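Same order as they appear, the protein sequences are chains A and B. Okay, so the first sequence: first residue is 3 according to this note's numbering, each after it adds one. Okay, so the second sequence: first residue is 193 according to this note's numbering, each after it adds one. C-beta: ideal position from N, C-alpha, C; glycine also. From a predicted model like this one, the values you see are computed outputs, not experimental measurements.
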Amino acid sequence: MAKKTGKQELAEAAELVKNTVVDAVLEAKEKAEEVVKEAVKAIKGETATIDAKIPEGPLAEKWSNYKAHQKLVNPANKRRLDVIVVGTGLAGASAAASLAEMGFNVLNFCIQDSPRRAHSIAAQGGINAAKNYQNDGDSVYRLFYDTIKGGDYRAREANVYRLAEVSNNIIDQCVAQGVPFAREYGGLLDNRSFGGAQVSRTFYAKGQTGQQLLLGAYSALSRQIGKGKVKMYSRYEMLDVVVIDGRARGIIARNLVTGRVERFFAHAVVVGTGGYGNAFFLSTNAMASNGSAAMQMYRKGAYFANPCYAQIHPTCIPVHGAFQSKLTLMSESLRNDGRIWVPKKLEDAKKLQAGTLKGRDIPEEDRDYYLERRYPAFGNLVPRDVASRAAKERCDAGYGVNSTGLAVFLDFSDAIKRLGKDVVEAKYGNLFQMYEKIVDENPYEDPMMIFPAIHYTMGGIWVDYELQTSVKGLFCIGEANFSDHGANRLGASALMQGLADGYFVLPYTIQNYLADQISVPRMSTDLPEFVEAENAVQAKIDKLMAVQGKRSVDSIHRELGLVMWDFVGMGRTKEGLQTALTKIKAIKKEFWSNVFIPGKADDLNNELEKALRLSDFIEIGELMARDALMREESCGGHFREEYQTPEGEALRQDDKFSFASCWKYTGDDNEPELLKEELNYEFVKRQTRNYKS
Amino acid sequence: MEKAINITLKVWRQAGPKAKGGFETYELKNISTDSSFLEMLDVLNEQLVSERKEPIAFDHDCREGICGMCSLYINGHPHGPDAAVTTCQLHMRKFKDGDTITVEPWRSNAFPVIKDLMVDRGAYDKIIQAGGFVSVNTGGVPDANAIPIPKKDADEAMDAASCIGCGACAAACKNGSAMLFVSAKVSQLALLPQGRVEAAARAKAMVAKMDELGFGNCTNTGACAAECPKSVSLSNIARLNREFLCAKFKD
């Protein structure tokens with residue numbers, strides 16, 4: 003062809019050949035580079051990017067799209083599949099019940115003597131839903147938006163929207179189960195307001211909403227236990243997850259009555275074991291609440307996300323003595339009618355601290371209703387993190403109102419004047435009674451004294467949109483996972499998330515995984531992976547029992563708690579966090595060389611249980627401090643004193659920190675590796691949170 | 193206001209379900225009256241651990257009076273001498289300096305001792321499993337406001353539902369009857385339209401299970417309601433009897 007053409011054509015042809023060759027070479031080079039990159043990552047053991055598997059499409063259609071296209075398991079195959087659910091709180095019980103109703107065989111574990119005792123039971127105030135029964139302008143979008151904003155723009159949009167979407171189903175479900183929600187005289191459901199919202203969307207059952215919702219889930223679970231679809235293991239504690247060929251295939255658990263360590267197989271493992279707030283020793287969590295299951299998953303490859311996001315609840319009964327074992331929450335619902343204040347004059351505060359003056363004796367004009375003053379639009383109903391910091395600010399300035407100077411007033415005298423004592427009693431009677439029993443003062447006459455305390459952990463095990471961790475077949479639900487609340491959780495949203503995960507999300511998404519497992523036969527628990535996991539657990543127990551030192555578990559736990567509160571609490575600084583890391587290392591050494599556990603390992607042994615949990619709390623404490631040190635910004639419950647506005651509000655650094663920090667375990671003596679899930683806000687514009695106007 | 197008291201404790205110790213138990217006596221000094229009863233036991237356990245002895249096993253969890261895990265027969269009363277509280281909410285200010293306090297586990301045939309002050313209350317779970325639920329699956333239920341419920345009924349159901357399943361009623365009863373526990377659940381669900389559908393079958397199934405598990409009969413002494421930490425009312429037992437009789441007549 004070239005012979006027949008002129009010089010110009012020849013040159014053109016040559017150019018074409020050259021370009022083709024160059025393109026091919028470039029393409030090959032690019033491909034080679036990609037392969038090398040992947041190989042390097044593979045060697046490092048890093049996944050290419052953290053893929054949250056968020057479905058395509060507009061926000062409001064993502065969940066419907068997902069459900070329309072996901073894989074399902076047919077009824078005959080469901081019978082052949084086993085699922086382990088650890089935990090029987092709102093998330094665990096609702097998941098276990100729902101999965102069993104669908105036909106899966108469920109093995110359900112709890113550490114208490116009965117599944118009805120999980121700590122969800124202690125939630126007081128209520129549960130949010132976007133029903134708009136009050137006709138006050140609520141909608142799914144508004145609940146979504148309030149939750150995203152409340153979380154200081156550190157949650158995943160798609161998850162939060164789904165949560166708001168299914169919130170209404172939860173209320174329907176609970177009513178159908180016979181949950182006795184509060185009602186109006188016309189017979190319809192009543193609502194109240196909670197922090198961070200300008201609508202009344204909170205459903206409640208007296209001050210015992212968590213109890214009633216949990217008993218609803220427990221009754222559904224009991225029905226399945228009675229039918230034999232759920233095998234219940236109470237007084238069992240999970241001690242490890244068993245991974246075979248990269249997939250979660252079971253757990254190792256200790257029978258807390260006999261002390262025997264046992265192995266359990268399932269096609270998938272679901273963990274709903276709650277938060278890790280007890281790392282602080284004193285918290286509003288139950289005594290047995292712990293973060294050990296999360297740490298076991300973490301050590302087996304699941305990422306631990308945003309460990310530093312812990313919620314400090316503004317309305318708890320203040321610490322009163324060295325013997326104290328836990329802190330008691332006074333429901334946020336009290337902020338509907340109670341007004342928070344400290345004295346305006348420092349000399350009045352001094353007299354209150356000395357006990358020579360009572361709160362009720364201070365005249366109106368000398369009271370500083372600091373939340374109403376600082377945040378006129380939301381007043382006493384600002385989100386928890388804002389209210390907690392404001393209380394700390396006043397107390398740090400010397401205006402605290404009890405003997406330790408670490409308390410503020412929550413006053414109902416106006417509400418009693420306005421509504422009458424009877425109405426206040428009907429609304430909050432059980433909370434007032436609880437306060438009186440603990441503090442020995444009558445809150446109808448003297449204002450309550452409250453102070454912030456650790457209450458909830460937004461951080462937790464990283465999960466994708468399907469609530470699956472970075473280990474295949476290992477799912478994490480409820481407070482134990484990191485999703486939905488960002489850097490701060492709004493009141494009455496924990497119950498919502500627990501039940502959303504358990505009733506309406508996991509039962510769908512787990513099928514997308516299990517659909518590929520239908521041909522996997524039940525495995526023997528004599529496989530080497532099970533034996534190895536059990537041996538490792540046994541070795542840890544033996545090591546602890548062998549220390550035979552001088553200190554009780556609780557004494558070391560208290561020490562850890564103080565370090566956490568002082569340096570990883572409400573106000574964090576670079577220096578403080580570095581101090582915390584050093585101190586925690588020392589506590590770890592002290593624990594492993596000087597703890598004393600009486601009794602035997604193969605028997606009921608409370609001290610051993612506590613020691614196993616504390617060994618993990620120490621690691622969690624370290625991870626929290628590490629994460630807080632890395633996150634050089636203030637957002638939600640994470641307040642770095644270096645990053646605040648001139649008015650003392652949290653100052654985010656969106657350009658640097660708009661990601662979920664995912665910590666990857668790299669061995670006991672190595673520093674964990676930080677991976678990032680970028681949080682792309684497609685539908686909401688990030689703003690500075692404003693509760694002032 | 194805070195003070196400190198010295199007390200003597202007589203505590204039931206029992207190594208295991210089959211072991212022979214007995215009382216041990218302990219002296220405790222300087223107990224803050226602001227501490228709860230369980231915090232006082234924590235202090236005792238710390239003391240025992242420091243003497244390299246085994247601490248006392250007792251059930252407890254939320255320490256807010258709602259989970260129902262704590263128990264203890266204190267000076268002859270379930271949850272101690274104070275009214276309408278659980279042991280975890282009982283405070284040492286209810287005791288005097290120099291007091292001797294006797295602490296025992298629940299004594300009931302249906303609640304065997306596991307260790308020391310810990311008992312097995314699995315029987316209560318089994319009663320619920322027999323019928324203490326509304327038979328609805330997740331999903332496919334009507335809108336929450338579809339059926340209006342009179343406020344009075346909803347409030348009454350809530351009062352019945354406040355039972356925490358601690359076992360004090362059966363432990364207090366000279367017959368070891370679980371009637372207050374069973375009636376609280378039967379009442380709660382019978383009062384609501386959602387639970388009404390299965391009310392008869394539920395009453396029969398739960399009573400049958402209670403009998404099978406070795407709980408005694410009710411002779412209306414009222415000790416259960418008097419000792420109930422949540423003040424669940426005796427009228428629930430009347431309602432259960434009504435439901436049960438109606439169901440039997442229909443048979």
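- If you keep only unbroken alpha helix (DSSP H) runs of at least 4 residues inside the segment 389–437 of chain B, you get 391–404 and 415–419.
- Within chain B, the residues whose beta carbon sits less than 7 Å from that of A124 (chain A) are C254, E256, I258 and C259, listed in sequence order.
- Here the segment 442–453 of chain A makes contact with the segment 319–331 of chain A; the two share three or more CB pairs at distances below 8 Å.
- For a Cβ distance threshold of 7 Å, nothing in chain B lies close to E447 (chain A): the least Cβ distance comes to about 16 Å.
- Contact annotation, F661 (chain A) with L681 (chain A): C-beta distance approximately 6 Å; criterion of less than 8 Å satisfied.
- For a Cβ distance threshold of 9 Å, residue set P600 of chain A lies close to K245 (chain B), ordered along the chain.
- Cβ-Cβ distances below 6 Å link A352 (chain B) to A376, S379, Q380 and N428 in the same chain, with the five nearest sequence neighbours on each side left out; the list follows chain order.
- In this structure, DSSP gives G563 (chain A) a helical state, which the three-state scheme calls helix.
- Here the alpha carbon of A482 (chain A) sits roughly 36 Å from the alpha carbon of G272 (chain B).
- When C-alpha distances from A207 (chain B) are compared across B:K245, B:T200, B:D234 and B:N198, the shortest belongs to B:K245.
- With three or more CB-CB distances shorter than 8 Å, the segment 338–349 of chain A counts as touching the segment 378–386 of chain A.
- The segment 117–193 of chain A contains, as complete alpha helix (DSSP H) runs of 4+ residues, the segments 142–152 and 159–179 (chain order).
- Of the residues B:D308, B:V295 and B:R313, the one whose Cα lies closest to the Cα of A370 (chain B) is B:R313.
- A Cβ-Cβ separation of about 4 Å places G493 (chain A) in contact with F196 (chain A) under the 8 Å criterion.
- Ranked by Cα distance from Y147 (chain A), the first of A:F685, A:K429, A:S695 and A:A78 is A:F685.
- Contacts with chain A at 8 Å (Cβ-Cβ) include K307 (chain B).
- Shown here, S327 (chain B) sits in coil according to DSSP, grouped into three states, outside any helix or strand.
- Within the same chain, V87, V272, G274, I479, D503, G504, Y505, L508 and P509 come within 8 Å of A97 (chain A) by CB-CB distance, once the 5 residues on both sides are set aside.
- Rounded to whole angstroms, the gap between the alpha carbons of M332 (chain A) and S227 (chain B) is 18 Å.
- Measuring C-alpha to C-alpha distances from A166 (chain A) to each of A:S122, A:A428 and A:I129 identifies A:I129 as the nearest.
- Under the three-state reduction of DSSP output, R341 (chain A) falls in the strand class.
- Taking the C-beta atoms as reference points, I339 (chain B) is found nearer than 8 Å to P385 (chain B).
- Taking C-beta separations shorter than 7 Å and ignoring five residues to either side along the sequence, the partners of F250 (chain B) in its chain run L233, L264, D308, L309 and M310, following chain order.
- Per DSSP, reduced to three states, the secondary structure at I319 (chain A) is coil, with no helix or strand assignment.
- Per the coordinates, the alpha-carbon of A255 (chain A) lies some 29 Å from the alpha-carbon of N301 (chain B).
- Using a CB distance cut-off of 8 Å, I173 (chain A) counts as an interface residue toward chain B.
- If only complete runs of 3 or more residues are kept, the segment 411–488 of chain A shows the beta strand (DSSP E) at 450–459 and 476–478, in order along the chain.
- Sixteen is the threshold: since fewer than 16 other Cβ atoms of the shown chains lie within 10 Å of the Cβ of D25 (chain A), the residue is exposed.
- Of all C-beta pairs linking the segment 617–636 of chain A to the segment 561–571 of chain A, three or more are shorter than 8 Å, placing the two stretches in contact.
- Under a 10 Å Cβ-count criterion, Q689 (chain A) is classified as exposed, with fewer than 16 other Cβ atoms of the shown protein chains found around its own Cβ.
- Taking C-beta separations shorter than 7 Å and ignoring five residues to either side along the sequence, the partners of E561 (chain A) in its chain run I589, following chain order.
- Think of a sphere of 8 Å around the beta carbon of S375 (chain B): no beta carbon from chain A falls inside it, the nearest being about 15 Å out.
- Q214 (chain A) has a beta carbon lying within less than 8 Å of a beta carbon in chain B.
- Counting every other CB atom within 10 Å of its CB across the protein chains shown gives E239 (chain A) a total of 16 or more, marking it as buried.
- Around the C-beta of K344 (chain B), fewer than 16 other C-beta atoms lie within 10 Å, and the residue is accordingly described as exposed.
- When DSSP states are grouped into helix, strand and coil, Q114 (chain A) belongs to the coil group.
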